[in-house]
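Q: Residue numbers (my numbering): 1474 to 1924. By construction, the Cβ of each residue, glycine as well, lies at the ideal position given by its N, Cα and C atoms. The model shown is predicted, which means the values in this text are computed figures rather than measured ones.
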């Protein structure tokens, strides 16, 4: 009996060691599976972040497409309105022409009818024909009289309307006269101020220059800047009136110069000698401004990528034309000193051209940005697809590992659950049983029973 229990004890001890080894192997395997599942979870989180990023770019792309579609719809609406306006104008022209033809035909019929009546009266002299003619005349002149009465009423109504319109026009003319008087006074005051103060003349030139810039469509702080201070190497500094930025990274410097003293003398005198002298003083003043502006060498200043010439802005168009008409070589003289003379008209044309260049540049930049975003979005989608494929492959591997572990746990001879449940039969105290679903799936073999 003792020998039996001794062998029984050795058998149980041996099975216990085997079970512990299997348990350690199973525990290590489960830890490995937990690590793999944790890695998969982190990978899924990263993919979720990528999905959110793709949704963001997709939303950006949809907004851009929506804006483009809205602009196309606006253009279509404007085109439709333009066509309707053209058709309406053509209909009005056609109605006027038809009305004119109708009046001409009516007049011609009236003349022909009147001639026929006269002829009948001359040919037929008997009383019957006279009565008939009288009747015809009445048939003609009574409606004609009614038409004249209607025309007279229309004329009276028109005269009354014209009288009302004349009163309104008279009131508007009085308002214009008062406004003209006010403008004249302000012009006189401005002229006196400009003639008396060089600083005021400069401010006036800068004001006109600012107005031209506003009309050009350029934006301050974006396509041009005012009164930018540039520090030179010799610790001096310069401050051009305007710096216009060009799309290719170049700059155009504009300096406003206004001279009215000699110009005012030229127009306010009838003496030919004084006029000639004032004209020469006016041209000389412009030459002095050209030399002064050329000596500043804006194109060589640090921090400026100026073109080879500077724009000298003469704010008063007649003063500019007066000098150019009497001294055509003045433009070439200025260009030889890297200075270009411009008036409000010529400057506006140049600035409009620069504005169109900026519009083209912004369109090109937007096209390039859209292309870059599309390329970046495509790369993100490609990488996301690759990651999804890898996730699927890893999930398949994890599923296979799970199935293999489950087989070892519940299937085949000597599976872990079957051997573990045999301990109950041996009287081992168990606090809680294994999940019933697992037990239902477990294959129990008689060979696994402990004897």
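1) So residue 1686 and residue 1824 are supposed to be a Cβ contact under 8 Å. How far apart are they, rounded?
2) Assuming residue 1763 and residue 1806 are in contact, meaning their beta carbons sit under 8 Å apart, how far apart are those beta carbons, in whole angstroms?
3) From what residue to what residue does the alpha helix (DSSP H) around residue 1790 run?
4) DSSP three-state call for residue 1718: helix, strand or coil?
5) If you count every other CB in all the chains shown that lies within 10 Å of the CB of residue 1858, and 16 or more means buried, which is it?
6) When you compare each of 1697, 1890, 1728, 1800 to residue 1767 by their alpha carbons, which one comes out closest?
7) At the level of alpha carbons, what is the spacing between residue 1908 and residue 1520?
8) Round the Cβ separation of residue 1722 and residue 1684 to the nearest angstrom and send it over; I've been treating them as touching at under 8 Å.
9) Based on the DSSP secondary-structure assignment, which residues constitute the bridge partners of residue 1781?
10) Any idea if residue 1822 is buried or exposed, counting beta-carbon neighbours within 10 angstroms, 16 or more meaning buried?
11) Under a three-way DSSP split, which group does residue 1699 fall into?
12) Which residue comes first and which comes last in the beta strand (DSSP E) that contains residue 1814?
13) For the candidate residues 1904, 1759, 1726, whose alpha-carbon lies nearest to that of residue 1802?
14) Is the Cβ-Cβ distance between residue 1679 and residue 1724 less than 8 Å?
15) By alpha-carbon positions, which one of 1881, 1505, 1509 ends up nearest to residue 1868?
16) Let me know the secondary structure DSSP gives residue 1692 once reduced to three states.
17) So what does DSSP say about residue 1886, is it helix, strand or coil?
18) Is residue 1497 helix, strand or coil when you go by DSSP?
19) Around the Cβ of residue 1761, are there at least 16 other Cβ atoms within 10 angstroms (buried) or fewer (exposed)?
20) Closer than 8 Å, CB to CB, is residue 1891 near chain C or not?
21) Pick helix, strand or coil for residue 1734, following the three-state DSSP scheme.
22) Please work out which residues of its chain come closer than 8 Å, Cβ to Cβ, to residue 1912, disregarding the five sequence neighbours upstream and downstream, and give them in chain order.
23) Could you spell out the range, first to last residue, of the beta strand (DSSP E) harbouring residue 1911?
24) Could you give the first and the last residue of the continuous beta strand (DSSP E) run that contains residue 1727?
25) Exposed or buried, which one is residue 1733 when buried takes at least 16 other CB atoms within 10 Å?
26) What separation, rounded to the nearest whole angstrom, lies between the Cα atoms of residue 1755 and residue 1811?
27) Note the first and the last residue of the continuous alpha helix (DSSP H) segment covering residue 1902.
28) For residue 1833, count neighbouring Cβ atoms within 10 angstroms of its own Cβ and tell me buried if that reaches 16, exposed if not.
29) Taking the alpha helix (DSSP H) that residue 1709 belongs to, which residues open and close that run?
30) With distances taken from CA atoms, which of 1746, 1877, 1780, 1513 is nearest residue 1863?
31) Have a look at the DSSP bridge pairing and note the partners of residue 1786.
A: Quick look at the numbers:
1) Reading the chain shown from its first residue, position 213 is the one you call residue 1686. Reading the chain shown from its first residue, position 351 is the one you call residue 1824. 7 Å between Cβ atoms; contact.
2) Reading the chain shown from its first residue, position 290 is the one you call residue 1763. Reading the chain shown from its first residue, position 333 is the one you call residue 1806. Indeed, because the Cβ distance is near 7 Å, the residues count as touching under 8 Å.
3) Counted from its first residue, the chain shown places residue 1790 at position 317. Element bounds for residue 1790: 1790–1799.
4) Residue numbering aside, residue 1718 sits at position 245 when the chain shown is read from its first letter. The answer is strand: DSSP assigns residue 1718 an E or B state.
5) Within the chain shown, the letter at position 385 stands for residue 1858. By the neighbour-count rule (16 or more Cβ atoms within 10 Å), residue 1858 is not buried but exposed.
6) Working through the chain shown from its first residue, we reach residue 1767 at position 294. Selected option, being the one with the closest Cα: 1728.
7) Taking the first residue of the chain shown as 1, we reach residue 1908 at position 435. Taking the first residue of the chain shown as 1, we reach residue 1520 at position 47. Straight-line Cα distance between these residues: approximately 35 Å.
8) In the chain shown, residue 1722 corresponds to position 249, counting from 1. In the chain shown, residue 1684 corresponds to position 211, counting from 1. Incorrect: roughly 27 Å between the Cβ atoms, too far for contact.
9) For the purposes of this step, residue 1781 is taken as residue 308 along the chain shown, with counting starting at 1. Looking at the DSSP output, residue 1781 bridges to nothing.
10) As a working note, residue 1822 is residue 349 in the chain shown. The residue is exposed, with fewer than 16 neighbouring Cβ atoms inside 10 Å.
11) Numbered from 1 along the chain shown, position 226 holds the residue referred to as residue 1699. Strand at residue 1699.
12) Along the chain shown, one-based indexing puts residue 1814 at 341. If you look at residue 1814, you'll find it in the beta strand (DSSP E) that goes 1812–1815.
13) Sequence index remark: in the chain shown, residue 1802 carries index 329 (1-based). Nearest option by C-alpha distance: 1759.
14) Locating residue 1679 in the chain shown gives position 206, where the first residue counts as 1. Locating residue 1724 in the chain shown gives position 251, where the first residue counts as 1. Not a contact, by the Cβ cut-off of 8 Å.
15) For the purposes of this step, residue 1868 is taken as residue 395 along the chain shown, with counting starting at 1. Out of 1881, 1505, 1509, 1509 has the C-alpha closest to the C-alpha of residue 1868.
16) The residue you call residue 1692 lines up with position 219 of the chain shown. If DSSP states are grouped into helix, strand and coil, residue 1692 belongs with coil.
17) Here residue 1886 refers to the residue found at position 413 of the chain shown. Note: residue 1886 maps to coil in three-state DSSP.
18) On the chain shown, residue 1497 is found 24 positions in, with the first residue counted as 1. Note: residue 1497 maps to helix in three-state DSSP.
19) Here residue 1761 corresponds to residue number 288 of the chain shown, with the count starting at 1. The Cβ neighbour count for residue 1761, taken over all protein chains shown within 10 Å, is under 16; the residue is labelled exposed.
20) No chain C is part of this structure, which consists of one protein chain only.
21) Position 261 of the chain shown, counting from 1, holds the residue named residue 1734. Three-state result, residue 1734: helix.
22) As a first step, residue 1912 is located in the chain shown; it is residue number 439 there, counting from the start. Within the same chain, residue 1912 has close Cβ partners 1890, 1894, 1906.
23) By one-based count along the chain shown, residue 1911 stands at place 438. That residue, residue 1911, is in no beta strand (DSSP E); its alpha helix (DSSP H) goes 1909–1914.
24) For the purposes of this step, residue 1727 is identified with residue 254 of the chain shown, where counting begins at 1. Residues 1724–1729.
25) Reading the chain shown from its first residue, position 260 is the one you call residue 1733. Residue 1733 is buried by the Cβ-count criterion.
26) Within the chain shown, numbered from 1, the residue matching residue 1755 stands at position 282. Within the chain shown, numbered from 1, the residue matching residue 1811 stands at position 338. The alpha-carbon atoms of residue 1755 and residue 1811 are separated by roughly 21 Å.
27) Taking the first residue of the chain shown as 1, we reach residue 1902 at position 429. Residue 1902 -> no alpha helix (DSSP H), and no H or E assigned at all.
28) Within the chain shown, residue 1833 is the residue found at index 360, counting from 1. So residue 1833 counts as exposed.
29) To locate residue 1709, count along the chain shown from 1; it is residue 236. First-last for residue 1709: undefined, no H or E at that position.
30) Counting from one through the chain shown, the residue named residue 1863 turns up at place 390. Of the listed residues, the one whose Cα sits closest to residue 1863 is 1513.
31) As a working mapping, residue 1786 is identified with position 313 in the chain shown. According to DSSP, residue 1786 bridges with 1729, 1815.
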